[in-house]
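Here the sequence shown is numbered in numbering that gives the first Met the number 0, starting from 0 and rising by one per residue.
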Amino acid sequence: MNLKKYTQEFNYNFKLAYPIILAMLGHTIVGIVDNIMVGKIGATELAAASLANSFVFIALSVGVGFSTAITPLIASADTENDIVKGRNVFINGVFLCTFLGILLFTLLYFFKPLIDLMLQPVEVTQMAKPFLDIVALSLVPLVIYQGFKQFSDGKSQTKYSMYATIIANIVNVVFNYLLIYGVWIFPEMGMMGAAYGTLISRIVMLLYFVFVLYRLDVFTPYLQKITLKEINLKTSKYIAGIGIPSSMQSLFEVALFTAAVWISGMLGTEAQAANQIALSMASMTFMFASGLSVAGMIRVGNQKGLKDYVKMETVAKSIMLMTFILYCGFALFFILFHNYIPLLFLDTNDTEQLLMNHEVIEIAGKLLLIAAIFQISDGIQVTALGALRGLQDVNLPMIITFISYWVVGFPLCVYLALYTNLGAEGIWYGLLAGLTVAAFFSYLRFNYMSKKYINNHIKI
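Have a look at this one:
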């Protein structure tokens, strides 16, 4: 293998990916900040927020996964200098995201009673329901924002979503503090304050991002004089044909992690809180691979539009190599600090919950050791899937993810956690197995497809 041809792409990959990574980190940090601030109230509140967020994450995965269909289509139109095609994709894509955001909120609201069927502690479910209502509502502005963001990413204008997310995080932290603790004229709302902080921050993020796009000349041809007549069934169906399988890929993975939250709840509040700590950290590092995945999607889409299939393969594999190197570093960090990271999430000075917090810290430390290894597989599978989305190849990858997560991963999670002495650790061994299978077969699929493009040199 000639590593130089891949490593020389690292610089451009990084320039394209870092704003996306920071923006995605911002979304994750919103959740981590909520967890830290809610965790300071108590372990039960942290478990309740975790349970509510698990439902929201399932819906969010559908919204975000669907919106990724916009990026490769815009990237391809951009390299072809086809503004009409790009405008058509943008308008119909944002329309679909708006509809989907409203639909997801409605479904979460009416399916809320399912929380009672999750075999979770009663005190946790009682706190989770009102929290879920507000955070679910925040999906509407967030999924609409995703439509605009994926359009901007497809134009290789990735920094503006980073700015929007930074602003959203500042707003989130400020309103969390004001509403959780009842500072100044604001009511003391406890954990519900974190839910309202999230809603407010996501509304601000959408408004800011739309405002910025309308002020930039590069977007003017796409945004001026938009009418409802430009929404058409043909384009919407084409976007949905890519978006629905893409959303299913995301859904299968996030639903697996959500199932992990539910399984951990069956093991007790301590295991559920520990699982949430490990999941928060793994989610944060996952954003690096997710950002690189979007960069790969953009670059593969560009090269596909240019019909330079050799370069297309090179840039995709350079993204995967970057991810592998980066995640080896994250693995080392998790291994070295697995006993210290959980301390960030709990109040160790709370004498009333001293024993509970000590057990949470002990369990979370063990889970972080497993997460150190599994995130390498997670990084490879998400960047390989990103490259496949750049090729607009989404149907077989959808099947790969389903088998990996729900035929391999989930049964192992259940068996190892509930029918062996591994407990919460068994959940994460199951996750590791599912993600490793997904990484292996997703890479094989991209390798096959890229070789097919190169050998045939035709548009597939």
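Every residue, glycine too, gets a C-beta built ideally from N, C-alpha and C.
Problem set entry | Residue span of the alpha helix (DSSP H) that contains S449, given as start and end | Counting from one through the sequence shown, the residue named residue 449 turns up at place 450. Run containing S449: 423-455, per the alpha helix (DSSP H) assignment.
For this session: Go ahead and label F110 buried or exposed: buried means 16 or more other beta carbons lie within 10 angstroms of its beta carbon, across all protein chains shown.
Result: Counting from 1 along the sequence shown, the entry for residue 110 is found at position 111. Counting C-beta atoms within 10 angstroms of its own C-beta, F110 has fewer than 16 neighbours from the protein chains shown and is therefore classed as exposed.
Exercise. Straight-line CA distance for V209 to A76?
Worked result: Locating residue 209 in the sequence shown gives position 210, where the first residue counts as 1. Locating residue 76 in the sequence shown gives position 77, where the first residue counts as 1. Roughly 21 Å separates the two Cα atoms.
Exercise. According to the neighbour-count rule (16 or more other Cβ atoms, all chains shown, within 10 Å of its Cβ), is W261 buried or exposed?
Worked result: Start at 1 with the first residue of the sequence shown, and residue 261 comes out as number 262. Label assigned to W261: buried.
Problem set entry | Delimiting residues of the alpha helix (DSSP H) encompassing Y404 | Mapped onto the sequence shown, residue 404 falls at position 405. Counting along the chain, no alpha helix (DSSP H) covers Y404, and no H or E run does either.
Exercise. Assuming L469 and M265 make a contact with CB atoms under 8 Å, what is their CB distance in whole Å?
Worked result: Examination of residue 469 is not possible in this model, given that the chain is present from 0 through 459 alone.
Problem set entry | Among A432, K316, L354, N420, the one whose alpha carbon lies nearest that of A383 | Residue 383 sits at position 384 when you count from the first residue of the sequence shown. Checking every option, the nearest Cα to that of A383 belongs to K316.
For this session: Would you identify the three-state DSSP class for S137, choosing helix, strand or coil?
Result: Walking along the sequence shown from the start, residue 137 turns up at place 138. Under the three-state reduction of DSSP, S137 is assigned to coil, being neither helix nor strand.
For this session: Pick helix, strand or coil for A294, following the three-state DSSP scheme.
Result: Numbered from its first residue, the sequence shown carries residue 294 at position 295. Collapsing the DSSP output to three states places A294 in a helix.
Exercise. Quick one: any contact between the stretch 121-138 and the stretch 185-196, if contact means 3 or more CB pairs under 8 Å?
Worked result: With a cut-off of 8 Å, the stretch 185-196 and the stretch 121-138 count as touching, because enough Cβ pairs lie within range.
For this session: Could you please give the first and the last residue of the uninterrupted alpha helix (DSSP H) stretch that includes T511?
Result: Past the edges of the chain, shown from 0 to 459, lies residue 511, and the structure says nothing about it.
For this session: Along the alpha helix (DSSP H) that carries R388, what are the first and last residues, could you check?
Result: Position 389 of the sequence shown, counted from the start, is the residue given in the question as residue 388. Residue range 353-389 is occupied by the alpha helix (DSSP H) that includes R388.
For this session: Count the other CB atoms, across all protein chains shown, that sit within 10 Å of the CB of T219; report buried if there are 16 or more and exposed otherwise.
Result: If you number the sequence shown from 1, residue 219 lands on position 220. A residue is called buried once 16 or more other Cβ atoms fall within 10 Å of its Cβ, and T219, having fewer, is exposed.
Problem set entry | Within-8 Å CB hit, L305 to chain D | Looking at the structure shown, chain D is missing, and only one protein chain is on hand.
Exercise. Are the stretch 24-43 and the stretch 341-357 touching, with three or more C-beta to C-beta distances below 8 Å?
Worked result: Yes: the two stretches touch, three or more of their Cβ pairs being nearer than 8 Å.
Problem set entry | Neighbourhood of V478 by C-beta distance below 6 Å, restricted to the same chain and skipping five residues each side | Since the first and last residues shown for the chain are 0 and 459, residue 478 lies out of range.
Problem set entry | CB of T70 within 8 Å of CB of G300, strictly | As a position in the sequence shown, residue 70 is number 71, starting the count at 1. As a position in the sequence shown, residue 300 is number 301, starting the count at 1. Going by beta carbons, T70 and G300 fall inside the 8 Å limit.
Problem set entry | Rounded straight-line distance, which links the Cα of I426 to that of N420 | Position 421 of the sequence shown holds residue 420. Position 427 of the sequence shown holds residue 426. The alpha-carbon separation between N420 and I426 amounts to approximately 11 Å.
Problem set entry | Candidates N12, F329, N87, L387, of which the one nearest Q223 by Cα | On the sequence shown, position 224 is the one that residue 223 refers to. Selected option, being the one with the closest Cα: N87.
For this session: Taking only runs that begin and end inside the stretch 278-337, name each unbroken beta strand (DSSP E) of 3 or more residues, in chain order.
Result: When DSSP assignments are scanned along the stretch 278-337, no uninterrupted stretch of beta strand (DSSP E) that is 3 or more residues long falls wholly within it.
Exercise. Quick one: what does DSSP say N420 is sitting in, helix, strand or coil?
Worked result: For the purposes of this step, residue 420 is taken as the residue at position 421 of the sequence shown. The answer is coil: DSSP assigns N420 none of H, G, I, E or B.
Problem set entry | the stretch 54-71 contacting the stretch 247-256, beta-carbon criterion three pairs below 8 Å | Yes, the stretch 54-71 touches the stretch 247-256.
For this session: Helix, strand or coil for N12, going by three-state DSSP, please let me know.
Result: Indexing the sequence shown from 1 puts residue 12 at position 13. DSSP places N12 in helix when its eight states are reduced to three.
Problem set entry | Helix, strand or coil at A466 according to DSSP, with G and I counted as helix | Nothing can be reported for residue 466, as the shown portion of the chain is limited to 0 through 459.
Exercise. For I225, which of helix, strand or coil comes out of DSSP?
Worked result: Position 226 of the sequence shown, counted from the start, is the residue given in the question as residue 225. Annotated three-state conformation of I225 is coil, per DSSP.
Problem set entry | Entirely enclosed alpha helix (DSSP H) segments - the stretch 79-161, minimum 4 residues | Fully enclosed alpha helix (DSSP H) runs of 4 or longer: 82-109, 121-136, 138-153.
Problem set entry | Enclosing alpha helix (DSSP H) for G192 [first to last residue] | One-based indexing of the sequence shown puts residue 192 at position 193. Membership of G192 in the alpha helix (DSSP H) is indicated by the continuous run 190-213.
Exercise. How would you write the range of the alpha helix (DSSP H) that W261 sits in, first residue to last?
Worked result: Mapped onto the sequence shown, residue 261 falls at position 262. Start and end: 232-265.
Exercise. I think L24 touches M286, with their Cβ atoms under 8 Å apart; what is that distance to the nearest whole Å?
Worked result: Position 25 of the sequence shown holds residue 24. Position 287 of the sequence shown holds residue 286. The Cβ separation is near 5 Å, so the contact holds.
Exercise. So, are the CB atoms of V37 and A48 less than 8 Å apart?
Worked result: For the purposes of this step, residue 37 is taken as the residue at position 38 of the sequence shown. For the purposes of this step, residue 48 is taken as the residue at position 49 of the sequence shown. A Cβ-Cβ contact shorter than 8 Å links V37 with A48.
Exercise. Once you ignore the five residues that flank S263 on each side, which residues in its own chain have a CB closer than 7 Å to its CB?
Worked result: Here the question's residue 263 lines up with position 264 in the sequence shown. Excluding sequence neighbours, S263 sits near A270, Q271, N274, A423, I426.
For this session: Over the uninterrupted alpha helix (DSSP H) stretch that includes T6, give me the two end residues.
Result: Translated into the one-based positions of the sequence shown, residue 6 becomes position 7. Membership of T6 in the alpha helix (DSSP H) is indicated by the continuous run 3-6.
Exercise. Distance, Cα to Cα, S200 vs V134?
Worked result: Against the sequence shown, residue 200 aligns to sequence position 201. Against the sequence shown, residue 134 aligns to sequence position 135. Approximately 11 Å, taken between the alpha carbons.
Problem set entry | Per-residue DSSP class, three states only, for D33 | Within the sequence shown, residue 33 is the residue found at index 34, counting from 1. Note: D33 maps to helix in three-state DSSP.
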